């Protein structure tokens, strides 16, 4: 296994104190390299990362790890069609032109701004979301928005009667044996802290995303906590899909294709999709807290990266610049 430059960039990220620490896995076919570098936290005191089974707030990785497989499973079962209007399931929504495919590919054109959003309760936030407007960007541009995946969660609940986070636990995490993954970690001490809030509370084992805090089990865009070993199980399934009752291998293959209506907006079901300098297809997704996954299906290579880049304070734009270089290195190393 090589990836020498990628590993050097990870070490630089920690040594330059851009993030406290990193837990990572590099997969190359049947080869696996894992590592733990740096600290678990800096405040209120410095503690080292001890092993690769500590729990991270995955933020938007929740979308692709959980919500996408649930929606595609319902599609395979004939309980929805990805080209259905979302108005079939969310009747108070005013724009029937928006489809489930639009939500999955972030091409819905939904304007996600809600005034005083973080002060709303569960029901008022859902009502406000369902009263949002769309722009002319529908099917023309990819505009990444959590709203798309919150709606997907509400649609899954409408069909099944079960909140999306429960569905993810039942239909994805348990079948894959992801025993360290949950939406409410019981042992907070195993969790890597994220932000220290304005009232000096350190978030540890409590979801950082404010919408996920409000919506709780109804949030399909964020909220999942997981460990490296569990994410290796998930990524290994995508690289070498088996008939495990989640979605079929043929449908897994469709994750590595552009699924936008035009076929050229760089988005699969949930995942961003592109080609590296050698013309190889890859998919990737990141999370606000400092997490990402990149997969190259043809070469069966993958990169799982976990950090707490918003500890002790967000947004840490230096990390975002370094992230791009690290991903580029992996893709072309």
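In UniProt numbering, the protein residues as written are 1 to 333. All C-beta atoms, glycine included, are put in the ideal place defined by N, C-alpha and C. Only a predicted model underlies this, so the values are computations on that prediction, with no experimental measurement involved.
Residue span of the alpha helix (DSSP H) that contains residue 239, given as start and end:
228-239
DSSP beta-bridge partners of residue 272:
267 and 284
Does DSSP put residue 142 in a helix, a strand or coil?
coil
Distance, Cα to Cα, residue 266 vs residue 255?
12 Å
Among 111, 285 and 150, whose alpha-carbon lies nearest the alpha-carbon of residue 215?
150
Among 210, 75, 273 and 106, which has the Cα closest to the Cα of residue 119?
210
At the level of alpha carbons, what is the spacing between residue 321 and residue 231?
24 Å
What does the alpha-carbon distance come out to for the pair residue 68 and residue 251?
11 Å
Reduced DSSP secondary structure (H/G/I, E/B, other) of residue 195:
coil
Could you check if residue 40 is buried or exposed, using at least 16 other CB atoms within 10 Å of its CB as the buried criterion?
buried
Thinking C-alpha only, which one of 115, 78 and 139 is nearest residue 258?
139
Neighbourhood of residue 25 by C-beta, 6 Å cutoff - its chain only, sequence neighbours within 5 removed:
34, 228, 232 and 304
With burial defined as no fewer than 16 other Cβ atoms inside 10 Å of the residue's Cβ, what is the status of residue 59: buried or exposed?
buried
Contact defined as beta carbons within less than 8 Å: I believe residue 84 pairs with residue 100. What is the distance between those atoms, to the nearest angstrom?
5 Å
Across which residues does DSSP place residue 36 in a beta bridge pair?
23
Please identify the residue among 159, 163 and 301 whose C-alpha is closest to the C-alpha of residue 236.
301
Over what stretch of residues does the beta strand (DSSP E) that includes residue 75 continue unbroken?
Counting along the chain, residue 75 falls outside any beta strand (DSSP E), though it belongs to the alpha helix (DSSP H) covering 68-76.
Residue 14 - containing beta strand (DSSP E), residue span:
Here residue 14 belongs to no beta strand (DSSP E); instead the alpha helix (DSSP H) covers 4-15.
I need the DSSP call for residue 202, collapsed to helix, strand or coil.
strand
Over the uninterrupted beta strand (DSSP E) stretch that includes residue 301, give me the two end residues.
301-307
Residue 277 (DSSP reduced to helix, strand or coil)
coil
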